[in-house]
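To keep things clear, I will list the structure first and then write my remarks on it.
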């Protein structure tokens with residue numbers, strides 16, 4: 224998401240720069256014809272524009288709608304958690320006997336939020352972890368896990384990593400969905416009293 | 545920079561959404577001969593016809609300057625928000641750079657003779673480059689380096705950091 228935003232904004236910057244420089248060069252008569260005293264919107268262009276009426280308006284309307292749609296996508300991507308990634312859907316387990324699968328025998332649905340909240344609770348029980356925020360993205364059967372853990376700066380990070388890995392493995396065993404990848408960011412915080420777990 | 549980009553992209557998206565819908569509504573009104581709704585397009589067109597490139601030089605200059613600043617800000621390399629801690633199988637472990645810098649600064653200040661220590665961490669290929677700015681006597685510099693190295697070794701493992709202490713102001717040894 225950040226890289227996309229950077230590319231998008233860099234292109235916008237280039238576009239603005241090109242527009243501004245073109246205007247300044249036109250003023251300095253660099254483009255051949257003396258343009259400094261000519262209008263920013265020349266009559267010739269207005270006449271050509273009027274010649275295509277009403278299709279010019281239709282074209283402008285279509286472009287405006289496309290830009291509005293792009294703007295909507297942009298807003299939605301910025302407001303989404305997890306850097307624009309698609310949130311994981313709910314996990315569904317079908318009731319089935321060994322060797323048979325019958326859609327009418329019912330199903331169990333586990334909400335994605337319930338899985339991420341229970342993972343957060345399990346991670347917060349790990350010694351040294353003060354707070355955990357977990358996001359699950361992509362397919363529910365092979366999700367991408369992103370976690371941010373506030374950890375006690377005095378904790379043994381090697382042991383902490385080992386314990387966190389054990390929690391994630393338990394999550395995979397319980398749900399039957401091993402995360403495709405896990406991206407875990409630790410934030411060091413200082414705490415005077417160490418917790419006993 | 546990441547938060548700034550996100551806010552700027554959000555504003556850009558909102559502007560495109562609102563502007564696009566407004567222009568589409570204006571076009572629909574014009575096609576149905578309902579006149580202008582909000583945008584005084586005729587007045588704006590008349591103003592542009594009466595404006596020369598010389599008159600608009602300030603506008604072009606400002607637009608070029610804003611574009612240049614935006615492009616340079618986006619193209620330059622900003623320090624990464626996270627530093628790599630480890631990578632095992634399908635798990636990537638990271639440390640928030642700022643939290644590491646703050647922690648190092650505090651630890652050096654409380655554990656050595658240095659005062660007002662500030663750390664700057666930059667991830668390089670396999671190592672972390674750490675610069676410590678502190679008020680300390682030159683004789684205490686090796687002790688500061690050693691202490692910071694010990695703390696980093698505990699956090700990220702051995703031989704993964706390069707530490708340089710820069711004396712900001714000499715502290716008198718009491």
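Chains as they are written, first to last, in our numbering: chain A, 224 to 420; chain B, 545 to 718. Built from N, CA and C at the ideal position, the CB exists for glycine as well.
State buried or exposed for residue i, treating a residue as buried only when at least 16 other CB atoms are found within 10 Å of its CB.
i	result
residue 597 of chain B	buried
residue 236 of chain A	buried
residue 557 of chain B	buried
residue 718 of chain B	Residue placement at residue 718 of chain B is poorly supported in this model, since its pLDDT is 47, which falls under 50; the coordinates are not used for a value here.
residue 553 of chain B	buried
residue 239 of chain A	buried
residue 250 of chain A	buried
residue 260 of chain A	exposed
residue 548 of chain B	exposed
residue 392 of chain A	exposed
residue 629 of chain B	buried
residue 555 of chain B	exposed
residue 616 of chain B	exposed
residue 342 of chain A	buried
residue 775 of chain B	Residue 775 of chain B lies beyond the residue range present for chain B, which begins at 545 and ends at 718; the question has no answer from this structure.
residue 374 of chain A	buried
residue 246 of chain A	buried
residue 613 of chain B	exposed
residue 645 of chain B	buried
residue 652 of chain B	buried
residue 253 of chain A	exposed
residue 676 of chain B	buried
Our contact map puts residue i next to residue j with C-beta atoms below 8 Å; I'd like the distance itself, whole angstroms only.
i	j	result
residue 639 of chain B	residue 674 of chain B	Contact doesn't hold; Cβ gap of about 12 Å is too wide.
residue 688 of chain B	residue 678 of chain B	6 Å
residue 262 of chain A	residue 594 of chain B	7 Å
residue 709 of chain B	residue 672 of chain B	Incorrect: roughly 15 Å between the Cβ atoms, too far for contact.
residue 413 of chain A	residue 376 of chain A	5 Å
residue 380 of chain A	residue 643 of chain B	Between residue 643 of chain B and residue 380 of chain A the Cβ distance is about 12 Å, and since that is not below 8 Å, they are no contact.
residue 571 of chain B	residue 280 of chain A	5 Å
residue 707 of chain B	residue 680 of chain B	With 8 Å as the limit, residue 707 of chain B and residue 680 of chain B do not qualify as a contact, their Cβ atoms being about 13 Å apart.
residue 352 of chain A	residue 372 of chain A	5 Å
residue 233 of chain A	residue 618 of chain B	4 Å
residue 350 of chain A	residue 378 of chain A	7 Å
By DSSP's criteria, residue i is part of a beta bridge. Which residues make up the other side?
i	result
residue 628 of chain B	B:638
residue 408 of chain A	A:371 and B:638
residue 659 of chain B	B:679
Taking C-beta pairs closer than 8 Å, name the residues in chain E that residue i reaches, listed in chain order.
i	result
residue 672 of chain B	Among the chains of the structure shown, chain E does not appear; the protein chains present are A and B.
Does the region 615-628 of chain B come close enough to the region 281-294 of chain A that 3 or more CB-CB pairs lie under 8 Å?
no
Check whether the region 627-643 of chain B touches the region 379-392 of chain A, counting contact only when three or more Cβ pairs, one atom from each stretch, lie closer than 8 Å.
Taking a cut-off of 8 Å on C-beta distances, the region 627-643 of chain B touches the region 379-392 of chain A, as three or more cross pairs fall below it.
Would you say the region 356-374 of chain A touches the region 599-607 of chain B, given that touching needs at least three Cβ pairs under 8 Å?
no
Only counting runs of 4 or more residues, tell me where the alpha helix (DSSP H) segments fall wholly within the region 324-377 of chain A, in order along the chain.
Qualifying alpha helix (DSSP H) stretches, in chain order: 335-347.
Would you be able to state if there are at least three C-beta pairs under 8 Å between the region 562-569 of chain B and the region 278-291 of chain A?
yes
Taking only runs that begin and end inside the region 235-323 of chain A, name each unbroken beta strand (DSSP E) of 3 or more residues, in chain order.
314-317
Is there contact here, the region 400-408 of chain A with the region 364-373 of chain A, by at least three beta-carbon pairs under 8 Å?
yes
In chain order, each beta strand (DSSP E) run of at least 3 residues that lies wholly inside the region 661-714 of chain B:
672-679 and 705-713
Assess contact between the region 682-702 of chain B and the region 644-659 of chain B, defined as three or more Cβ pairs (one per stretch) separated by less than 8 Å. Is contact present?
yes
Report the start-end ranges of each alpha helix (DSSP H) in the region 578-612 of chain B that is 4 residues or longer and not cut off at the edges.
The alpha helix (DSSP H) runs lying completely inside the region 578-612 of chain B and spanning 4 residues or more are 585-594, given in chain order.
The region 331-341 of chain A touching the region 307-317 of chain A, judged by at least three CB pairs closer than 8 Å:
The region 331-341 of chain A vs the region 307-317 of chain A: in contact.
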